[in-house]
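Protein chains in written order, with our numbering: chain X, 1 to 345; chain L, 1 to 345; chain H, 1 to 345. Following: one structure in structure tokens, then a few remarks.
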Amino acid sequence: MDYIRNHWYVAGFASEFGEAFTTATILEEDIVLYRIADGSVVAFEDRCPHRALPLSMGKRIGDQLQCGYHGLTFGTDGQCVRVPGQRSVPPQAWVRKYPTHERHGIVWIWMGAAEAADTDLVFDMPELDHPAWGVTQGEALEFESNYLNVADNLCDPAHVSFVHPTTLGSPASEDVPIRARRKGRVIEISRWIRNNAPIGFFQAHGGFSGNVDRWHYYYLHAPCIAVIDFGSADTTLALPEERRGEGIQIYALHFMTPVNATRTIDRWMHLRNTAVDDPAAGQKISDLLRVAFAEDKAILEAVQRKELQPRDRPPVRVAIDAGANHYRRVVDEMLAAERVQAAAE
Amino acid sequence: MDYIRNHWYVAGFASEFGEAFTTATILEEDIVLYRIADGSVVAFEDRCPHRALPLSMGKRIGDQLQCGYHGLTFGTDGQCVRVPGQRSVPPQAWVRKYPTHERHGIVWIWMGAAEAADTDLVFDMPELDHPAWGVTQGEALEFESNYLNVADNLCDPAHVSFVHPTTLGSPASEDVPIRARRKGRVIEISRWIRNNAPIGFFQAHGGFSGNVDRWHYYYLHAPCIAVIDFGSADTTLALPEERRGEGIQIYALHFMTPVNATRTIDRWMHLRNTAVDDPAAGQKISDLLRVAFAEDKAILEAVQRKELQPRDRPPVRVAIDAGANHYRRVVDEMLAAERVQAAAE
Amino acid sequence: MDYIRNHWYVAGFASEFGEAFTTATILEEDIVLYRIADGSVVAFEDRCPHRALPLSMGKRIGDQLQCGYHGLTFGTDGQCVRVPGQRSVPPQAWVRKYPTHERHGIVWIWMGAAEAADTDLVFDMPELDHPAWGVTQGEALEFESNYLNVADNLCDPAHVSFVHPTTLGSPASEDVPIRARRKGRVIEISRWIRNNAPIGFFQAHGGFSGNVDRWHYYYLHAPCIAVIDFGSADTTLALPEERRGEGIQIYALHFMTPVNATRTIDRWMHLRNTAVDDPAAGQKISDLLRVAFAEDKAILEAVQRKELQPRDRPPVRVAIDAGANHYRRVVDEMLAAERVQAAAE
């Protein structure tokens, strides 16, 4: 499978990394990660250049990494500093080092050329550090489905009525059209369902006594990050789009890490503008999302299995695919740009 | 693997189908089946033409089938009748519908061009509805072996002495030659073992006090149905072939459904001309056959595993292969005829 | 994978064979073995030439082997002697017979052309039958790694310090250089660690009160047999190489049987020149080796998994690879010689 390489992917939540080795497979590359003495997380190709043993089967010598087969030892720049049994170290004895960066409780890894790793490009969202928002970290959810399928689902309000009828959606929204547009590498999909009963979650926790206006705004940052703004407001307020923050607003964030052509890890978290200091409120939202994401998982894995079978005619495309159509086009453009760049080098 | 498509295959015993969705894989095609309000079983390609989700993961809306991902809904003719989020339905939004027919407690499915599905071609056997015969339905037995190997075994009296020495055969038959002939698409193999002790089953339930004449008649209807007539009669009667119905006669029926290149489902049932109103007698025969078919299963699955390995010389053919030779030739002719027809269209 | 065929491989310890069928896969060939009346072990291709059923699913008729599907029966020369249902036996009805030879409690099998099977070429080691040595048979250890990787590890003293730091090695030996040379098809690697504390095993069972000189001599007989001489002597004796037999000396023997491109069975045993009549001493050594070999297994299986992945640059080679470099060259020469011979025939 082709992947966009010049991109900051999520290696893991910061809490997943410590002194011991952590391993990850990202874009089909096996990686070993650990925190060194200065607190930063280093990431290396998980393969000794000598006999190919995963370096994660070795041990740390201070900040250095020693292979468990013959003791070749690598410094924090990836260069070999010791080959037992000989005095000199061959210059080609090095392991690839991946740039990393920690922000918002997440460790990011740059999978492209190291010299292009600009930390200004790491995903940022000021609300994650703002006292007006309550932030709750979710989990690393593994899908046996590739990142394109997972991303399609994250710019797709239309599935909510059918896949999540008891949690995030309701039949009332089945035929509400979507609005889709693209801004650079961000696909924005939205729709409003006005003057309707609140959905499952907001019924229980929104404190609404009557009908609500509710919205979905999906911001899919190609290739692998989705920010989903959904909320509800008393319908009598008749809030316009730009003032929806006066209602109850939740952001669900999804950080997809492509493992290989049929597997994706989706690390999720969420923010809320209500009960910001109440961890129990965060847990309630997590519980809701956990149910919904399990519903997505069943669908996306079945879709992946079917995609691996031969098909005799092209898929039918319909209006609700507008977001996915934009997304696939952006990804294709990014892949093409990387191919052009690679050919030029 | 190549399959004969213009053929009525068994989708299942009638009892396997109801209001809920049933799924089956036949000739490598995933199919969803259910009974509609008029009592008939409908069968569709188990894949939404939109995003490929198996339609069996959706739900029924009356007799219609609604996809569980985005709610596309299909009528009983396979044509899409609703696409949520838009008014019109694109004409290419349809799923393949397979003709079905129910007869003798079996649901048959036509895997070829729908316009060629002639219900006169559905397998018929008048004894199945005749009061002189007791009918007992067996089970769906899954073989990890392709249908050609399973069929070979169903026109092969010679294996009985070695694979089923304690149930269906005995060493006395080891060297009795077989008679093989072909009538159109039916291969008929037979042999008689005269004046010998009854085999396991007939010893226990035949009520014979002395030796018997016993017979096997295998009628293999290419590609996938076998009717096996076996029985015993008191040897002093010296019954000729055409009067063997005066002895104790059992028909074992096998309906093979090819799943893929290494898997076959064999649904079996049997008829008897004795104790026709005694279900316990039917169960005794089922018990006997269940033991024997487990013996076949071990053999046929091992043969399949070996066939998947490379071999350095052609198989040796011997006289007892006459039935299988006829069968393979008929299948090759049928496949060739379908290729010719496909090329002409 | 390419294998050297004209070679005596180990089919198993003699104790693994009896009247019942034993099966083995060697060089990707399935083989059935059993002891006939004269006490010898016969070995045949485990596939009936008729319908390919493994002959090991059949039964013995005296020394003959009867297929479990249709009763074809094969004599001890592999030629078919009976085809039920017909009088004559087609001449092409035979199974390949592999030459075997039993020596030192091991059954050897020749995988090449039968006429080239010279029993003088079977591995011999006089100490195995000499009263000055205590012999203990080990186990059949299965590695999910090919024989080349396993063999590399058996001419590699350098890994001992890192893979077996608590059993067979110690950090003291990490930088001691190795001596490597090739004598025909035998690669000999050695090193001495002088005047150092005894390693785990010799600490416990050597009875040493002070420092020792310890040695490793690896004799790797390409392609598949390793004899490893390791021992310790009181350092005050200052034993020269040729008198090391005056110290405590252990031979570990490894007989590798290549199963396929990713699997090897390593049958091991060992000899000692101390406590030769004490089985408990042999068991202690076995216990030690069992721990060490489990450490090797983890490493070699991980290396195999990584080798199956694509790699973007050639492996780095270092000084301690001298033994493996020699070994791989000998194997390549042997394979090339067999190709030349095959082309000439």
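Built from N, CA and C at the ideal position, the CB exists for glycine as well. Please read these numbers as outputs of a predicted model, since none were measured by experiment.
| Item | Value |
| --- | --- |
| Nearest candidate by alpha-carbon position, reference F17(X), set N273(X), F255(X), A43(X), A336(X) | A43(X) |
| Chain-ordered neighbours of F162(X) on chain L, where CB pairs are closer than 7 Å | G68, Y69, H70, G71 |
| Range covered by the alpha helix (DSSP H) that runs through A300(L) | Contrary to the premise, residue 300(L) reads as Leu rather than Ala in this sequence. Start and end: 279 to 307. |
| 8 Å Cβ cutoff met for P177(X) and S161(X) | no |
| Within chain H, the residues that H50(X) reaches when beta carbons sit closer than 7 Å | P315, V316, V318 |
| Cβ-Cβ separation, R267(H) to V10(H) (assumed contact under 8 Å), whole Å | 6 Å |
| DSSP-derived helix/strand/coil call for P258(X) | strand |
| Cβ neighbour criterion (16 or more within 10 Å) applied to T100(L) | buried |
| Given E301(H) as reference, the closest of V107(X), C67(X), A52(X), A275(X) once Cα atoms are compared | A52(X) |
| P223(X) versus G39(X): straight-line alpha-carbon distance, rounded | 29 Å |
| Contact under 8 Å by Cβ, F21(X) with S56(X) | yes |
| Check: G112(H) C-beta below 7 Å from any heavy atom of the ligand SAH | Ligands in the displayed structure: none, and consequently the ligand SAH is not present. |
| Chain X residues whose Cβ lies nearer than 7 Å to that of A93(L) | V316 |
| Counted within 10 angstroms of its Cβ, other Cβ atoms place E45(H) as buried (16 or more) or exposed | buried |
| Residues that C80(X) bridges to, as DSSP identifies them | F74(X) |
| Buried versus exposed call for R243(X) [16 or more other C-beta atoms within 10 Å across all chains shown] | exposed |
| Extent of the continuous alpha helix (DSSP H) to which Q341(H) belongs | 322 to 344 |
| Closer than 8 Å to chain L by CB, G85(H) | yes |
| Through-space distance from G206(X) to A233(X), alpha-carbon basis | 9 Å |
| Proximal residues to P157(X) (C-beta, below 7 Å), its chain only, five neighbours per side dropped | I178, I189, R191, H216, Y218 |
| G112(L) classed as buried or exposed, judged by whether at least 16 other C-beta atoms fall within 10 angstroms | buried |
| Close beta carbons around D2(X), own chain, < 8 Å, minus the five adjacent residues each side | L335 |
| Beta-carbon proximity check, Q86(H) vs V318(L), cutoff 8 Å | yes |
| Helix, strand or coil at R191(X) [DSSP, three-state] | strand |
| DSSP-derived helix/strand/coil call for R311(X) | coil |
| Proximal residues, the stretch 164 to 192 of chain H versus chain L, C-beta separation under 7 Å | none |
| Whole-angstrom C-beta distance between N149(H) and P258(H), which should lie under 8 Å | Contact flag wrong, Cβ pair sits at about 11 Å. |
| Expected contact under 8 Å - CB spacing of I299(L) and V163(L) to nearest Å | 6 Å |
| Coil, strand or helix - N146(X) by DSSP | coil |
| is_contact[I299(L), chain H] using C-beta, thresh 8 Å | yes |
| Pair within 8 Å by beta-carbon distance, F143(L) and K297(L) | yes |
| Cβ-Cβ distance between H104(H) and L128(H) below 8 Å | yes |
| Under the three-state DSSP convention, the category M269(H) falls into | strand |
| Beta-carbon neighbours of P54(L), restricted to chain X and to distances below 7 Å | A302, K306 |
| Contact with chain L by P90(H), beta-carbon distance below 8 Å | yes |
| Where the alpha helix (DSSP H) containing S161(X) begins and where it ends | 160 to 163 |
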